[in-house]
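Heads up: the protein sequence lines correspond to chains A and B, in order.
Sequential numbering of the first sequence, starting at 1, is according to the numbering used here.
Sequential numbering of the second sequence, starting at 438, is according to the numbering used here.
Backbone N, C-alpha and C define an ideal beta-carbon position, used for all residues, glycine too.
Bear in mind the structure is a predicted one, so any value in this text is a computation, not a measurement.
Accompanying notes for the structure given below.
2 protein chains.
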Amino acid sequence: MPDDRLTAAELREIWPVLSPEERGESFEHVDRSEVHGFFLGLSEQEQAAILLAMRGSERTLWMRLLAPDDAADVIQLVPPQDRAAFLQLLDEPTRREVAALMAYAEDAAGGLMSPRFARLRPDMQVGEAIRYLQRQAQEKVETIYYAYVLDQAQRLQGVVSFRDLFVAPGDKAVSDVMRRDVISVPDTLDQEAVARVIAQHDLNALPVVDAEGRMKGIVTVDDIVDVVQQAATEDIQKLGGMEALDTPYMQTSMLAMVKKRAGWLSALFLGEMLTASAMGHYEEEIARAVVLALFVPLIISSGGNSGSQATTLIIRAMALGEVAVKDWWRIVRRELTAGLSLGVILATIGLVRILVWQAIFHTYGEHYREVAATVAVSLVGIVTWGTLAGSMLPFAIRRLGFDPASASAPFVATLVDVSGLVIYFNVAQLLLRGSLL
Amino acid sequence: MPDDRLTAAELREIWPVLSPEERGESFEHVDRSEVHGFFLGLSEQEQAAILLAMRGSERTLWMRLLAPDDAADVIQLVPPQDRAAFLQLLDEPTRREVAALMAYAEDAAGGLMSPRFARLRPDMQVGEAIRYLQRQAQEKVETIYYAYVLDQAQRLQGVVSFRDLFVAPGDKAVSDVMRRDVISVPDTLDQEAVARVIAQHDLNALPVVDAEGRMKGIVTVDDIVDVVQQAATEDIQKLGGMEALDTPYMQTSMLAMVKKRAGWLSALFLGEMLTASAMGHYEEEIARAVVLALFVPLIISSGGNSGSQATTLIIRAMALGEVAVKDWWRIVRRELTAGLSLGVILATIGLVRILVWQAIFHTYGEHYREVAATVAVSLVGIVTWGTLAGSMLPFAIRRLGFDPASASAPFVATLVDVSGLVIYFNVAQLLLRGSLL
Chain A
1 MPDDRLTAAE LREIWPVLSP EERGESFEHV DRSEVHGFFL GLSEQEQAAI
51 LLAMRGSERT LWMRLLAPDD AADVIQLVPP QDRAAFLQLL DEPTRREVAA
101 LMAYAEDAAG GLMSPRFARL RPDMQVGEAI RYLQRQAQEK VETIYYAYVL
151 DQAQRLQGVV SFRDLFVAPG DKAVSDVMRR DVISVPDTLD QEAVARVIAQ
201 HDLNALPVVD AEGRMKGIVT VDDIVDVVQQ AATEDIQKLG GMEALDTPYM
251 QTSMLAMVKK RAGWLSALFL GEMLTASAMG HYEEEIARAV VLALFVPLII
301 SSGGNSGSQA TTLIIRAMAL GEVAVKDWWR IVRRELTAGL SLGVILATIG
351 LVRILVWQAI FHTYGEHYRE VAATVAVSLV GIVTWGTLAG SMLPFAIRRL
401 GFDPASASAP FVATLVDVSG LVIYFNVAQL LLRGSLL
Chain B
438 MPDDRLTAAE LREIWPVLSP EERGESFEHV DRSEVHGFFL GLSEQEQAAI
488 LLAMRGSERT LWMRLLAPDD AADVIQLVPP QDRAAFLQLL DEPTRREVAA
538 LMAYAEDAAG GLMSPRFARL RPDMQVGEAI RYLQRQAQEK VETIYYAYVL
588 DQAQRLQGVV SFRDLFVAPG DKAVSDVMRR DVISVPDTLD QEAVARVIAQ
638 HDLNALPVVD AEGRMKGIVT VDDIVDVVQQ AATEDIQKLG GMEALDTPYM
688 QTSMLAMVKK RAGWLSALFL GEMLTASAMG HYEEEIARAV VLALFVPLII
738 SSGGNSGSQA TTLIIRAMAL GEVAVKDWWR IVRRELTAGL SLGVILATIG
788 LVRILVWQAI FHTYGEHYRE VAATVAVSLV GIVTWGTLAG SMLPFAIRRL
838 GFDPASASAP FVATLVDVSG LVIYFNVAQL LLRGSLL
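Shown next as structure tokens:
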């Protein structure tokens with residue numbers, strides 16, 4: 001009954017409300033040629049879930065639609081015991097390509113590239129090259145718009161855009177038209193570094209070479225948009241003080257989500273327990289001058305907020321390649337100046353607030369001047385220290401071999417809270433001795 | 438003296454240490470054809486700074502290298518009084534194109550697009566179309582790889598890739614080869630929405646149409662990589678509790694940076710002052726049971742951290758289009774469950790900590806059981822509330838017409854700190870009445 005079949009538009013409409021199983025089933029009720037594009041536009045997670053829910057014969061048809069790099073990603077997402085069976089669904093040459101791709105780490109250039117690029121030989125004539133590309137266009141190369149000129153040993157000699165060939169005289173040699181200063185990346189390079197190379201040089205396609213200099217594939221700019229989005233999402237989630245989710249928010253199970261959040265939250269909680277110890281250390285001072293306790297949240301949160309700004313700035317600048325580890329000393333000087341300025345601004349606001357409140361409500365007792373001075377001096381110290389600590393934490397974490405983005409705003413806040421208390425109570429002991437303490 | 442001239446590699450080497458003036462000057466000492474690519478790869482801010490530092494005759498040469506969309510961006514970055522002069526440097530047809538582009542908001546599809554796209558008529562034959570594209574390839578169209586089929590009124594009828602034309606029989610009509618279901622966007626669409634369309638449909642180029650349906654230009658995927666990077670950077674900086682910088686970290690002046698940071702920091706500080714008022718409200722309780730004060734930083738930071746996680750997750754999901762305003766009720770239910778689970782986890786850790794410390798150090802006096810219960814119950818309440826408040830804040834802010842990314846982690850923490858204190862001291866009054874209070 002062909003009128004039973006879903007169109008791509010209808011499928012797109014009902015898609016968000018379907019369960020994974022229903023999504024798999026729905027693909028058996030569509031006009032296949034109509035929804036090719038829809039299927040190929042889905043995320044790899046969704047494609048894997050759908051293929052798992054399909055019957056075997058149907059599954060083969062859809063698996064074979066995938067380009068080898070996408071097929072490799074999908075196979076890495078299905079349960080380990082199903083992987084061999086999924087690989088078997090592909091035709092022989094594709095299977096070999098996919099197996100080769102699966103040997104690469106998923107987040108390396110090799111895991112991202114397509115092995116199907118257009119090749120030319122340097123001694124071809126332009127007219128011959130165009131006809132050769134026309135033949136390649138009918139097969140499954142990723143793009144014919146950039147053709148790579150390789151020698152016998154598959155080493156990259158140059159690159160030529162189809163457009164350049166197209167406007168060149170037909171009897172010229174390819175080697176006279178091609179650009180020789182080709183930017184390429186090793187197959188082991190991290191995908192975020194690949195993204196930076198493509199963005200920096202405004203490339204549409206980037207060749208990937210192995211350790212022997214043989215060309216293995218190309219990464220195209222459309223693959224990079226996803227990488228950049230994903231990398232930013234991971235960094236943002238880490239900055240929020242949690243592990244990055246592997247799936248979109250709405251598709252993450254409650255258990256997985258609580259796990260990703262509970263780990264860091266508990267770690268931060270354990271760290272923050274030091275504040276209880278620090279406060280315990282000053283219990284006597286608090287008992288003698290309860291007014292000191294009133295400003296504790298204000299004081300420590302200012303350190304946390306200024307630290308959060310600094311750490312966020314540095315982490316993003318590192319991710320964009322604007323700041324390298326060797327720049328740390330310049331950053332120290334910059335952030336010291338910034339922290340001092342910000343500290344003086346907040347101290348001024350704090351001072352005015354206490355004096356105004358005292359004038360109106362007489363809240364802070366006869367020693368309000370000393371209390372105000374304690375708060376103001378502590379603020380300068382804590383904001384400066386918070387800014388400095390926040391800016392240096394990403395460097396320290398990277399030095400230890402971890403991802404600097406783990407230096408989340410809550411992490412910095414926790415770190416600065418304890419030291420903030422120590423600064424505050426020491427300033428208090430110094431300025432309030434003889435009056436309140 | 439040609440041996441005085443800098444090569445592109447040398448220029449790249451010394452670039453980071455040059456001042457803006459020196460950068461402008463350095464361009465007078467290079468082999469122009471060598472550094473074309475280097476110049477075009479710079480950010481628009483850098484291009485504008487260099488052009489401003491150049492002498493007039495030199496400036497014309499470099500301005501004319503820029504594609505019309507880039508020229509429009511650069512002109513919008515020079516001081517208003519110089520803009521007309523910069524526009525005059527362009528040749529007549531380009532000047533008209535650039536002036537038209539400058540009428541669009543910089544962050545709309547119209548401000549991002551190139552007006553130079555390849556056009557075909559539907560009644561052309563494939564062979565004729567290929568030859569026509571070959572002619573267009575010699576002029577300055579952005580790409581010949583996607584050609585747009587327009588009717589007499591410039592309305593978009595279809596799109597055909599060069600590759601599809603290339604493998605089709607030469608005597609077929611373009612209208613029989615083209616795809617009719619073209620995805621296009623209005624020229625007023627925000628650039629982040631444009632990026633989402635391109636990413637979602639894996640497009641290489643996206644046509645932009647005006648309100649009358651006439652095609653005005655194309656946005657290509659390489660333009661989108663920058664948009665995505667920039668949008669993520671802005672969101673991350675806002676999440677860190679500050680205004681987004683307009684320039685890379687290292688190139689931002691100290692004054693501009695302190696300004697961008699001081700605004701939010703002061704606002705947060707003013708908000709956080711409410712904690713001093715809240716604490717003042719419970720001054721008597723603190724005086725009677727100083728042990729209560731010890732846990733204040735621990736308690737309120739747990740609310741802030743859990744709120745920061747929730748708000749970060751929701752903001753990113755919103756930016757990626759995974760979550761819309763209408764989903765708010767589903768989010769409430771999800772985050773309520775997550776918050777409760779996380780609260781119970783932290784409460785358990787807190788309980789164990791207090792009991793263990795009491796057993797070893799006898800820190801918390803004879804009523805340690807009641808104190809432990811107060812801390813644990815407060816933690817469940819505060820973490821649940823922090824999670825819920827953190828997840829709803831982005832919705833509230835968007836509802837008010839602001840950017841949800843302004844719901845930074847520090848903003849949520851500040852919000853939750855005050856309410857956290859109220860929850861904590863109320864639980865204490867309830868559970869410690871008759872013992873400590």
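Three-way DSSP call (helix, strand, coil) for residue i in this model
i: Asp181(A); result: coil
i: Lys696(B); result: helix
i: Lys326(A); result: helix
i: Ala726(B); result: coil
i: Thr811(B); result: helix
i: Thr444(B); result: coil
i: Pro115(A); result: coil
i: Gln525(B); result: helix
i: Arg501(B); result: coil
i: Met438(B); result: Unreliable positioning characterises Met438(B) in this predicted model, as indicated by a pLDDT of 39, which lies under 50. The coordinate reading is nonetheless provided below. Three-state DSSP puts Met438(B) in coil, outside helix and strand.
i: Ile218(A); result: strand
i: Asp226(A); result: helix
i: Phe862(B); result: helix
Per-residue contacts from residue i into chain B (C-beta, under 8 Å)
i: Met102(A); result: Simply none; closest approach about 22 Å.
Residues that residue i contacts on chain B, provided the C-beta gap is smaller than 7 Å
i: Ala276(A); result: Leu731, Phe732 and Leu735
i: Ser341(A); result: Val695
i: Ile224(A); result: Val662
i: Asn204(A); result: Asp659
Residue environment, residue i, which counts as buried when at least 16 other CB atoms sit within 10 Å
i: Gly24(A); result: buried
i: Pro261(A); result: First, the amino acid is wrong: residue 261(A) is Arg here, not Pro. Buried: at least 16 other Cβ atoms inside 10 Å.
i: Pro439(B); result: Residue placement at Pro439(B) is poorly supported in this model, since its pLDDT is 45, which falls under 50; the coordinates still yield a value, given next. Burial call: exposed.
i: Asn641(B); result: buried
i: Ile14(A); result: exposed
i: Asp692(B); result: The sequence as given places Leu at residue 692(B); Asp does not occur at that position. It is exposed - the Cβ of Leu692(B) has fewer than 16 other Cβ atoms within 10 Å.
i: Val855(B); result: buried
i: Trp822(B); result: buried
i: Leu868(B); result: buried
Pairwise C-alpha distance: residue j and residue i
i: Met242(A); j: Ile661(B); result: 28 Å
i: Val383(A); j: Gly307(A); result: 8 Å
i: Glu400(B); j: Ala376(A); result: Given a span of 438 to 874 for chain B in the structure shown, any question on residue 400(B) remains unanswerable.
i: Met687(B); j: Glu458(B); result: 17 Å
i: Leu443(B); j: His466(B); result: 6 Å
i: Gln237(A); j: Leu750(B); result: 6 Å
i: Val422(A); j: Val356(A); result: 27 Å
i: Pro247(A); j: Phe27(A); result: The sequence shown places Thr at residue 247(A), rather than the Pro named in the question. The alpha-carbon atoms of Thr247(A) and Phe27(A) are separated by roughly 22 Å.
i: Thr252(A); j: Ala669(B); result: 22 Å
i: Met273(A); j: Glu807(B); result: 18 Å
i: Leu918(B); j: Gln482(B); result: Since the displayed chain B opens at 438 and closes at 874, residue 918(B) lies outside it and no answer follows.
CB of residue i within 7 Å of CB of residue j, strictly
i: Ala445(B); j: Phe475(B); result: yes
i: Ser435(A); j: His367(A); result: yes
i: Val208(A); j: Met178(A); result: no
i: Thr824(B); j: Gly857(B); result: no
i: Asp647(B); j: Asp624(B); result: yes
i: Val864(B); j: Thr811(B); result: yes
i: Pro841(B); j: Ile752(B); result: yes
i: Ala747(B); j: Gly677(B); result: no
Where residue i meets chain B, residues with beta-carbon distance less than 9 Å
i: Ala338(A); result: Met691, Met694, Val695 and Arg698
Chain A residues whose Cβ lies nearer than 9 Å to that of residue i
i: Ile786(B); result: Ser266, Phe269, Leu270 and Met273
Proximal chain A residues relative to residue i, where beta-carbon distance stays under 7 Å
i: Tyr582(B); result: Tyr145
i: Phe603(B); result: Gln134 and Ala137
i: Met679(B); result: Gln309
Contacts of residue i in chain A (Cβ-Cβ under 8 Å)
i: Ser743(B); result: Arg261 and Leu265
i: Asp854(B); result: Pro297 and Ser301
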